[in-house]
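In UniProt numbering, the protein residues as written are 1 to 348.
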């Protein structure tokens, strides 16, 4: 296939079992918008946006580390991203695919674009926490957020290949996923890069970049992404990485989360990974101002206070152990469900 445009719909494409072309999809979009469930209305809105005369789609960044902002993403760039995904994961026309992500966000939009362009047989279901609960079908491919995978463990063997994104995969979940026969990948990306630009098998340390992506790092050791088939300019991230070679890197943590405690740099994400096996509630660690240390490390846990057994911290290094434990009744989140650490800590 050479450079399809955004009006192209592969002749192998199916939606919920029906072969559909562009006109069919526009008719279904109007029906979804008028009569559908909320997730179907969002799907209908995207279909009409995709097949209109504009060369771009308007989206919003997630707002994880700042105010969400609108951006314009070229449809041709989304097609290029879809084709790179197909190549990297060996996803061919006619495969059976489950779409269970919200279409309001870039990951859900891209599942549809991949299906149009690559010719997938796609089932769409509501983006609930357990999308396989009432579904006994078998699929070649699906995309989920880690929470969905966690709630679907008993049925994930029905999916041959699964990608996870939207949040970090905890060590506890990784251990559970590694024993499954499913080929499971954690992905790395963002709205600005049109979902993932890299992926790694669950249990592996280093991410491998997709085709047509160059990587480097800036003077902060943060990842700089040049997905030249997708973006006009490089994307400078706040993710501290260790670059192994031209196509592999190890993610260490967010630069804006790094804690400087008494001159020692601490990466919260690495500490959280060590704690994830021992704390069942949602939590995070963060630095707060301290007269002696500059910043001191605190552990913030969601829910009612309880007494913590100090053996929970046994795997942590000398400087990684929290100086204080705070409890917050409910974490503050973005619309897409990511925890906003600063606002949550301010409410503690």
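Glycine included, C-beta positions come from ideal geometry on N, C-alpha and C.
Fewer than three Cβ pairs drawn from the stretch 35-46 and the stretch 140-153 lie within less than 8 Å of each other, which leaves the two stretches out of contact. Non-local C-beta neighbours of residue 29 in its own chain, meaning closer than 7 Å and more than five positions away in sequence, comprise 44, 47, 48, ordered along the chain.
Burial check for residue 179: the Cβ neighbour count within 10 Å stays below 16, so the residue is exposed.
Counting of Cβ neighbours within 10 angstroms places residue 300 among the buried residues, the total reaching 16 or more.
Counted as a single uninterrupted DSSP element, the stretch harbouring residue 44 is not any beta strand (DSSP E) but the alpha helix (DSSP H) occupying residues 38-50.
The shortest CA-to-CA distance from residue 87 to any of 155, 199, 22 is the one to 199. Taking the Cα of residue 51 as reference, the smallest distance to any Cα among 195, 19, 8 is reached at 8. Assigned with DSSP and collapsed to three states, residue 249 falls in strand.
Distance from the CA atom of residue 293 to the CA atom of residue 318, rounded to whole angstroms, is 14 Å.
Taking C-beta atoms as the reference points, residue 218 and residue 209 fail to come closer than 7 Å.
In the DSSP annotation of this structure, residue 196 is not part of any alpha helix (DSSP H); the continuous beta strand (DSSP E) holding it starts and ends at 195-201. Per DSSP, reduced to three states, the secondary structure at residue 206 is coil, with no helix or strand assignment. Look at residue 223 here: in three-state DSSP terms it is strand.
Judged by their CB atoms, residue 344 and residue 325 are not nearer to each other than the 7 Å cut-off. Nearest Cα to residue 338 within the set 316, 168, 204: 168. According to DSSP, residue 260 shares a beta bridge with 265. Unbroken alpha helix (DSSP H) stretches of 4 residues or longer found wholly inside the stretch 73-99: 75-89, given in chain order. Under DSSP, residue 242 takes part in a beta bridge, and its partners are 250. Counting of Cβ neighbours within 10 angstroms places residue 117 among the buried residues, the total reaching 16 or more. For residue 299, the enclosing beta strand (DSSP E) stretches over residues 294-302.
Closest option to residue 15, judged by alpha-carbon separation, among 111, 158, 60: 111. Its chain contains 275, 278, 279 as the residues whose beta carbon lies nearer than 8 Å to that of residue 312, once the 5 sequence neighbours on both sides are disregarded; these appear in chain order.
Here the alpha carbons of residue 188 and residue 197 stand approximately 6 Å from one another.
Per the DSSP secondary-structure output, residue 216 pairs in a beta bridge with 224. Proximity of the stretch 220-235 to the stretch 259-273 falls short of the contact definition, fewer than three beta-carbon pairs being nearer than 8 Å. For residue 22, the uninterrupted alpha helix (DSSP H) run begins and ends at 22-35, by DSSP.
Here residue 149 carries a helix assignment [DSSP, helix/strand/coil]. Taking a C-beta distance under 7 Å as the contact criterion, residue 227 and residue 195 do not qualify as a contact pair. Taking residue 77 as the centre and dropping the five residues before and after it, the same chain places the C-beta of 194, 229, 230, 231 closer than 8 Å to its C-beta, in chain order. In this structure, residue 347 keeps its C-beta atom at 7 Å or more from the C-beta atom of residue 297.
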